[in-house]
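Protein chains in written order, with our numbering: chain A, 395 to 691; chain V, 26 to 529; chain B, 54 to 177.
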Amino acid sequence: MSDGREKSAWRRFADWVNGDSEPIDRTTQYVMNRRPPRQEEPPELHEQRERLRLKKFLGLYPLAAGFLCVALIAILFATVIYIPPFGQPGNPTNNEVSRHYLEYTEEETGATNAVTGMILSYRGFDTLGESCVLFLAVSSVMMLLQRDKNNTDEQTLHRLRREDAIERTHPDNILRKSAKLLTPFILLFALYVLFNGEISPGGGFSGGAILGGGLILYSSAYGPEQLSRLLTRSLYDTVRITGLMAYALTYGIYIFAGANGIKLEMEWMMIVIDLAVGLVVACTIYGFYTMFQRGKV
Amino acid sequence: MRPFYENLPFICIFISIVCGVLSAVIRDGRKTYRLALAMSATIAVLSAVLLYCLYTENISFVYSMGRFAAPFGNAIKAGPLQALLVTVFAIVMGLSLLGGGQSLFHDILPEKQGLYFVMTDLLMAGLLVLVYTNDMFTGYVFIEITTIAACAMVMAKDTGPNLIATIRYLFMSLLGSGLFLIGLTLLNSIAGYLLMEPLANAVAILAELGQYHRPLIVSIGLMVVGLGIKGAMFPFHLWLPDAHGGATTSSSAILSGLVLKGYIVLLITLMTRVFGLELMREVGVSNILLTLGLLGMIFGSLAAMREYHVKRMLANSSVAQIGYIFMGLGLGTEAGVVAACFHILVHAACKPLLFCCAGRLSTVSGHHRSLKNLRGSAYRDVAAGVGFTVGALSMIGIPLLGGFVSKLYFSKAALESPFMAVVLLTIAASTVLNALYYVPAILAIWVRPPWEEIQLIMLEVKPEDTRFDRSFFIAAAAFMGLIFLLGIVYHPILNVIEAGVRLM
Amino acid sequence: MLEAIVQNRFAVVAVILFGIGLLNMMLQQNLMKKVIGFSIMDSAVFLLLASLGYIEGHGAPIIDEGSVNASLYINPIPSGLVLTGIVVSVSVTAFSLALIQRIYQRYGTIELHELLERAKKEED
């Protein structure tokens, strides 16, 4: 636009918006010029500078982090010797809340194990959050490791096929026989722990972990193919989701009724929740194992 | 019998958990996407109703999660502030998903899309509980839910740098929650409660008698630092640019706009409800927060000026904006907390808009991210260009936009502080720095490059990318409306926040 | 000083473990070692938490029928919290291990500084 004609302010502005001319005020020019040197530098130079920055960061980081960590540890050490002495009944933690739990658990929740009564009934919302954490963990591990075109190459598939073939042709007889013998008892014990959580040590979490352990033993003895014929992906998903859903719904009803003062017979709640937690935990443990090993359920 | 509206917070939490589980059943990307949008809309509407009820009656209430009243059972507490925050969070969540929808389905493999929405739904549940919780340990459990869901959302794009950014983010987050947990344990050992009201009483008595003085200070410090690390407080922010800058657009928007805020809201709850602002000032934690906030405001902006990658520039600018929030909290006065809460809302509206617009601009420029390749891109999608401009101007603090009001109230709050001069000067300096990187970015997208360069870029652009994206347009328009709303009718909103902080 | 240390021996051991875990987590370059450090750190916190609930001479909080006397049992709250905490830590560990497996598949290394350099090169 160098026709020498004096432009109106509006015209200049329109040109500037269209990108036809350079802005004339100093500030804008300054601000625009700030960028170009970096944008037009050759990529090698830029890369070199980035590498230098990274090196500086990696050199400085351990010093700073080490210093902070040591300071933190010293502070913690100087703190914990001043906390209330270990094992004394008069400590602030042993207040009326814990006495209430011990004295009224059986009456109010029907459990004689105060820990089970606490985590499933008094503080059950935490436990719901915890089951959600487990659910999330399996989902995110699936997101990472489930076979798709991003994380699978021919080599991995080849390795998996070879492992299957070895499994079929050279089964480990000692492992198979003992697994066959042990698995029923492990599952039985898991159910015992699961359903007796209210009156003895145990409950959904421990029972579920044992159940998952039994599944893993069976799977590693007979090969994952064998078990995934019994426990297909859809069955696995159904069990996992039914578990959490049953928990959420039961507990939702319980919270709603409890908070609004509606009287409900919730004797069955503990059993349902224990079972649901057990299923979620078992599926999580087995899911981790099979996802890490095979990348599919 | 309690009035029905008191059930709404619980119903919102319940809906988001059930939607998360349902998404795992459905597994189809498009359907779960619609479910997540419907969930956000429902929660926004329910929370708005709750906000109306609470604000007109000027009350807050404790809702026991089960039969057992505090201090024996879990509880949540809702007041006008919580209802307002949740309403805005739900709106922003829905709009971020809407605005980044196209690139979301482009970036994530079809079979993993269902899982992505499991994460968003449970993230919403985590955020809701972080805002509403009245129990320390529930807070810890849902911090972890939020962490896992947020990390999974970063890595969903599944490229190499993405995975590395995720693991750095994960380790820093774990450090943060570890420090929070050990602080919580120490506090429990000297005060003995987990519910916030009895805990506050116990803490007040301890502070008055001077008993267990050292463990008390250390536990407060550990919890603040733990939440600060997760909220990207200044020296602990190094994970943020890669994690937020590399993720898919919706994830970046949600992480910057909401996840950081969730932890900070929990910190505000602790400061006002449990420890009390007076104790925070007395033990010097406030001053530390103030210093780190001021440093963050400057260094975040300086780091953003060095960036050429538009999303990482925005992520670095988040560090600066989070610095404002910590600075407001560090003033240790009610006015400072109010300004910080308002800035949470402003930033939750601006940053997702900027991320969505940046994502859209890079989509219409052949998925390039560096600013030089985005030259003139605003003409290829005018809505994105306008949205980016409005968001950036609001971040700089131009009147009529939300950012101006929050800066105004920060300055007002600083007037009462003994560090008035430092704070005001830093706000001024930071505003100039903000302008120094946002104005060039605005100019870069609006100034047309030479014709040959456009031709070169257009070669890489697929025709389906330049098609009009209706859901993005709706999201950008709604975000801009929200920013103007915050910038023009700020009085009622500040009244709600003030009432909320009083009724904490 | 020495008396205080002996009195709070569990807490002191927990802090030492926490320090070991923390230093490993922050300073190791190998991602696996970082995860191990994190596990140690979390276990230390659980040790501290569990030791809060113990009362000398009292039994496990499983109430015998007929004798509802709170002074016979230890405090059940910390045990319940530890249970919750352990589950959370297991989930997080599994997630980070899965991430490391994917990173190893893609880059063939799990040393953080090498990974950072490679990641810088890949960006546009």
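Glycine residues also receive a C-beta, built at the ideal position from the N, C-alpha and C atoms.
Cross-strand partners of residue i (DSSP beta bridge)
i	result
B/Ile-115	A/Asn-507
B/Asn-83	B/Glu-164
V/His-334	V/Ser-395
V/Asp-160	V/Leu-220
Helix, strand or coil at residue i according to DSSP, with G and I counted as helix
i	result
V/Val-87	strand
V/Ala-100	strand
A/Tyr-495	helix
A/His-564	coil
V/His-262	coil
V/Asp-53	coil
A/Phe-686	helix
V/Asp-183	coil
V/Leu-220	strand
V/Thr-273	coil
A/Thr-546	coil
A/Thr-487	coil
B/Tyr-126	strand
V/Ile-513	helix
V/Ser-436	helix
V/Pro-443	coil
V/Ala-17	One cannot answer for residue 17 of chain V here, as it falls past the ends of chain V, which runs 26 to 529.
B/Lys-173	helix
V/Glu-307	helix
V/Asp-132	helix
V/Arg-27	coil
Own chain, CB closer than 6 Å to residue i, minus 5 neighbours either side, in chain order
i	result
B/Phe-63	Ser-104
A/Arg-429	In this prediction, A/Arg-429 scores a pLDDT of 46, lower than 50, which makes its location untrustworthy; no coordinate-derived value is stated.
V/Gly-355	Ser-311, Leu-314, Leu-315, Gly-318
V/Arg-385	Asp-406, Ala-409, Phe-497
V/Val-363	Ile-522, Glu-523, Val-526
A/Asn-654	none
B/Pro-129	Pro-114
A/Leu-448	none
7 Å CB neighbourhood of residue i in its chain, flanking five on each side removed
i	result
V/Glu-45	Here the sequence assigns Gly to residue 45 of chain V, which means Glu is not the residue at that position. The residues are Val-143, Asp-146, Leu-147, Ala-150.
V/Asn-83	Ala-524
A/Thr-577	Gly-608, Leu-611, Tyr-612
B/Met-54	none
V/Asp-490	Thr-388, Val-389
V/Lys-286	Ile-369, Ala-373
Neighbouring residues, chain B, relative to residue i (Cβ below 9 Å)
i	result
A/Ala-670	Here the premise fails: no neighbours, minimum Cβ distance about 14 Å.
V/Gly-185	Ile-156, Arg-159, Tyr-160, Leu-168, Arg-171, Ala-172, Glu-175
V/Leu-291	Simply none; closest approach about 16 Å.
A/Glu-500	Ile-116, Glu-118, Val-121
Listed by chain order, chain A residues near residue i by CB distance under 7 Å
i	result
B/Met-94	Those within 7 Å of B/Met-94 in chain A number zero; the least Cβ separation is about 11 Å.
B/Val-140	Glu-524, Val-527, Leu-528, Phe-599
B/Met-79	Ala-459, Cys-463
V/Ala-174	Leu-530
Under 9 Å by beta carbon: chain V residues contacting residue i
i	result
A/Pro-486	Asn-213, Ser-214, Ile-215, Ala-216, Gly-217, Tyr-218, Ala-227, Leu-231, Tyr-237
A/Ile-635	Val-46, Leu-47, Ala-49, Val-50
Neighbouring residues, chain B, relative to residue i (Cβ below 8 Å)
i	result
V/Phe-586	Here chain V has residues from 26 to 529 only, and residue 586 of chain V is not among them.
Neighbour list for residue i in chain V, Cβ cutoff strictly below 8 Å
i	result
A/Arg-526	Per the sequence shown, the amino acid found at residue 526 of chain A is Cys instead of Arg. Those are Ile-42, Gly-45, Leu-147, Ala-150, Ile-170, listed as they occur along chain V.
A/Met-639	Val-43, Val-46
Closer than 9 Å at the beta carbon, the chain A residues around residue i
i	result
B/Val-65	Phe-471, Val-474, Ile-475
V/Met-180	Ser-534, Met-537, Leu-538
B/Glu-109	Phe-480, Gly-481, Gln-482, Pro-483
V/Met-258	Under the 9 Å cutoff, chain A gives no residues; its nearest Cβ is about 13 Å from V/Met-258.
Where residue i meets chain B, residues with beta-carbon distance less than 7 Å
i	result
A/Pro-479	Gln-60, Asn-61
8 Å Cβ shell around residue i - same chain, five flanking residues per side excluded
i	result
V/Cys-176	Thr-191, Tyr-194, Leu-195, Ser-198
A/Gln-433	In this prediction, A/Gln-433 has a pLDDT of 47, which is less than 50 and means its spatial position is unreliable; nothing more can be read from the coordinates.
Proximal chain V residues relative to residue i, where beta-carbon distance stays under 7 Å
i	result
A/Ile-649	Phe-35, Met-90, Gly-91
A/Tyr-516	Phe-93, Phe-97, Gly-98
Contact set between residue i and chain A, taken where Cβ atoms lie within less than 8 Å
i	result
B/Ser-144	Val-527, Leu-528, Leu-530, Ala-531, Thr-678
B/Ala-57	Ile-475, Tyr-476
- Message: Threshold first: 4 residues or longer. Then list the alpha helix (DSSP H) segments lying entirely within the region 337 to 423 of chain V, N to C.
- Response: Segments of the alpha helix (DSSP H) lying fully in the region 337 to 423 of chain V: 359 to 388, 407 to 421.
- Any chance you could list the alpha helix (DSSP H) runs of at least 4 consecutive residues sitting entirely within the region 583 to 625 of chain A, in chain order? Correct list: 598 to 624.
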